[in-house]
Amino acid sequence: MNQYQCNTQYLRTEDPNIMSHSFHVSRSEVHLKWDNALKPVHTVDSGTEVTFDLMDGGYNQFTATSTAADVGNFDAAFADPAFGPVYVNGAEVGDVLRIEFLDLKTATYGWTAVLPGSFGFGLLADEFPEAALKIWDLETHKEEGYTVFKEGIHIPIRPFLGVVGLAHGEEGQFSTIPPYDTGGNIDCKHIGIGSMLYLPVKVKGALFSCGDGHAAQGDGEVCGTAIETPMKAKVKLTVEKGKPWVVSPHYITKPIGTTAVENRGEYAALGIDADLREASRKAVRGLINWLVGEKGLTRVEGYMLASVAGDLKIAEAVDMPNYAVACSLPLSVFVKAPYL
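What follows is the structure, encoded as structure tokens:
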């Protein structure tokens, strides 16, 4: 099957006597550039549910048995693959496509990598020149809703898709790595199951694609990777008219429960600088220094933990010439000695 071939299934509903037509996008229907000339893999009506079988954001170059020795073979040209596109009937330029996230299932494993500086990933890439890779067990404690960073540190599993986007209005090919006003690699952890994302339509049919499954991530994804994982997704695509204010991604979240972990506050380091990026770097560095000095983690462990569970926040943006950026970590990730 080539990447544009239609893959349509017929699945049974709860009533075994009723056959329900559904649309499925397979792993083979992949593209590495946004391009409004791509042939749709499906054409669906507004309000249709579509399922996806997705490779991870690294094109499945790492597996459950990979080690740090494999990081040097990582090919960034295959980063952030998107799957689709899906043409939605009735979507016209100026409309909005509403994406509802109905179900997101991770694989049994995930990975977080510190990629060497030459790859250009990571807010402190210049300070972490050595490759590192952590393989996560996403199966053992999935019913309890967490995965183990190391004994005594638990990370809540909150799956979401990093890449969710529509075709650009301009002709040509655009990288899938950055975010755009039409979506793309927005890497927003708040858009999980039960949430709705609104994207501005720039071409007839919208041409929707998604990918880059994450089991967990902190705001900022500071080391360049989250808990990356292959994922199965189900979304509902609906065209909405008359919303001219949606000129970039907007979203509505579903409240996140606290059944898996309790809220015990957070620890944060502030970065202060006239340059917003440098203020962010200082904040991340400060949190890592605390994790090393107070909790006994290595710097690489601190960098990874900040990326999968820490949040970057602009605390102050009006008292020029300096910005204040916080990098915070929920204290609830620490569950056992010696980290309590």
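Under our numbering, the residue at position 67 of the sequence shown is numbered 521, and the numbers go up by one with no gaps. The C-beta atom is built at its ideal place from N, Cα and C for all residues, glycine as well. Predicted, not measured: the structure shown is a model, and the values here were computed from it.
Selected residue, minimal CA-CA separation from residue i, among the options
i      : options                           : result
ILE645 : GLY599, CYS664 and SER629         : CYS664
LYS656 : VAL693, GLU584 and PHE555         : VAL693
SER476 : ASP529, THR505, ASP489 and LEU486 : THR505
TRP699 : LEU551, GLY538 and PRO539         : LEU551
GLU624 : GLU581, LYS658 and ASP529         : LYS658
GLY626 : ASN490, ASN776, SER786 and CYS781 : ASN490
ILE589 : ASN776, SER786, GLU755 and TYR777 : GLU755
PHE528 : PRO539, PRO570, GLY638 and LYS493 : PRO570
ALA763 : ASP773, GLU748 and VAL787         : VAL787
LYS749 : GLU593, LEU785 and ARG481         : LEU785
Beta-carbon spacing of residue i, residue j below 9 Å
i      : j      : result
PRO654 : LEU620 : yes
HIS496 : VAL479 : yes
TYR757 : GLY576 : yes
VAL746 : LEU556 : no
GLY606 : TYR721 : no
VAL779 : LYS736 : yes
LEU651 : GLY501 : no
LEU751 : ASP765 : no
ILE647 : LYS604 : no
Residue i - DSSP class collapsed to helix/strand/coil
i      : result
ASN490 : coil
LYS604 : strand
LYS559 : strand
THR712 : Bear in mind that the predicted position of THR712 carries a pLDDT of just 48, short of 50, making it too unreliable to give a figure here.
HIS475 : Because the pLDDT of HIS475 is 48, which lies under 50, any placement of that residue in the model is unreliable, and the number read from its coordinates should be weighed accordingly. Note: HIS475 maps to strand in three-state DSSP.
TYR796 : Here the chain covers residues 455 to 794 and nothing more, so residue 796 does not appear.
LEU578 : coil
LEU850 : This structure cannot settle anything about residue 850, because the visible part of the chain is limited to 455 through 794.
VAL540 : strand
PHE516 : coil
ALA733 : helix
GLY637 : strand
MET758 : helix
ASN456 : Residue placement at ASN456 is poorly supported in this model, since its pLDDT is 34, which falls under 50; the coordinates still yield a value, given next. ASN456 falls in the coil class under three-state DSSP.
ILE611 : coil
SER480 : coil
PHE532 : helix
ALA780 : strand
ASP681 : The residue asked about is misnamed: residue 681 is Ile in this sequence, not Asp. Looking at ILE681 - three-state DSSP - the assignment turns out to be coil, as it is neither helix nor strand.
GLY659 : coil
Cβ separation of residue i and residue j, assumed to be a contact under 8 Å, to the nearest whole Å
i      : j      : result
GLU767 : ASP635 : The question names Glu, but residue 767 in the sequence shown is Lys. Contact doesn't hold; Cβ gap of about 23 Å is too wide.
ILE611 : ALA687 : Wrong, their Cβ atoms sit about 15 Å apart, outside the cutoff.
VAL789 : HIS608 : 5 Å
LYS695 : ASP549 : 6 Å
VAL498 : VAL540 : 6 Å
TRP488 : HIS622 : 5 Å
- Message: Would the stretch 723 to 733 count as touching the stretch 529 to 549 if we require 3 or more Cβ pairs under 8 Å?
- Response: No, because fewer than three Cβ pairs between the stretch 723 to 733 and the stretch 529 to 549 fall closer than 8 Å, the two stretches do not touch.
- So does the stretch 541 to 551 actually touch the stretch 677 to 688, counting three or more Cβ pairs closer than 8 Å? Too few Cβ pairs lie closer than 8 Å, so no.
- Count the C-beta pairs between the stretch 511 to 526 and the stretch 554 to 572 that are closer than 8 Å, then say yes if the count reaches three, no if not. Counting Cβ pairs under 8 Å, three or more are found: they touch.
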